[in-house]
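A.B. asks: Shown below is the structure under consideration.
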Ligand code: ADP
Ligand code: ZN
């Protein structure tokens with residue numbers, strides 16, 4: 551199964567992509583994670599990507615497409631893939647259609663107001679890559695899974711967040727129409743799901759809704 555997860559920053563794409571990819575047995579490929587790893591290793595791609603990422607801007611299509619193309623050629627992608635954070639522009643989608651077109655595209659829809667509160671409260675663990683919301687943590691500074699010190703991503707700071715949302719609406723949301731036109735879109739309306747005590751939907755419910763949409 552070749553899948554794309556589409557959704558604004560803060561939609562829960564990364565979390566759901568991790569669960570769904572292991573459920574389906576296909577590799578989870580996150581271009582954001584690939585760029586962060588490249589930066590950590592100080593590769594030329596990582597160094598070039600950094601200035602765009604810090605500003606909440608998109609890395610140029612040619613750079614991303616080359617990186618994804620190389621990744622999809624690896625043997626673990628023979629049975630499919632789950633792409634998270636790619637494509638993000640119509641140009642990238644067209645490039646992917648030429649490399650290895652997806653079977654289905656899951657759009658995780660979340661309204662902007664909710665995204666804002668989720669993103670400003672998001673913390674990441676450098677060790678296990680887990681993401682957590684401060685509202686669910688006993689101690690906001692410690693990873694509940696492995697005990698490492700949590701950090702806030704540079705691009706989760708308020709000024710960058712509003713730019714990332716704008717970039718999503720301007721450049722990425724046209725992909726909804728693109729894939730709808732190809733009959734591949736599966737929309738998950740998270741606002742239609744039951745709410746927990748904090749007024750947000752539950753991860754398990756989103757997960758089930760995705761599996762149902764893919765049946
Ligand atoms: P988000 O939480 O905003 O979905 P990601 O972790 O997916 O963030 O990506 C972080 C940053 O990496 C983006 O803001 C962008 O600068 C860069 N990036 C990731 N994927 C792409 C892509 N497909 N095209 C262009 N830039 C990308
Ligand atoms: Zn951890």
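In this note's numbering, the protein residues as written are 551 to 765.
Every residue, glycine too, gets a C-beta built ideally from N, C-alpha and C.
1. Leaving out five residues before and five after residue 718 in sequence, what residues of the same chain have Cβ atoms less than 7 Å from its Cβ?
2. Out of curiosity, what's the CA-to-CA distance linking residue 588 and residue 663?
3. Using DSSP's beta-bridge definition, name the partner residues of residue 574.
4. By the three-class DSSP mapping on this structure, what secondary structure does residue 682 have?
5. Please confirm whether residue 582 and residue 635 have their CB atoms less than 8 Å apart.
6. Is residue 698 near the ligand ZN, with its Cβ less than 7 Å from a heavy atom?
7. Smallest Cα separation from residue 658: which of 679, 607, 726, 586?
8. Please state the DSSP three-state secondary structure of residue 622.
9. Based on the DSSP output, what are the partners of residue 657 in its beta bridges?
10. What first and last residue would you give for the beta strand (DSSP E) that runs through residue 632?
C.D. replies: In this structure, then:
1. 558, 559
2. 32 Å
3. Answer is none; residue 574 lacks a bridge partner.
4. strand
5. yes
6. Under cutoff, so the answer is yes.
7. 726
8. helix
9. Per DSSP, 556, 737.
10. 631-634
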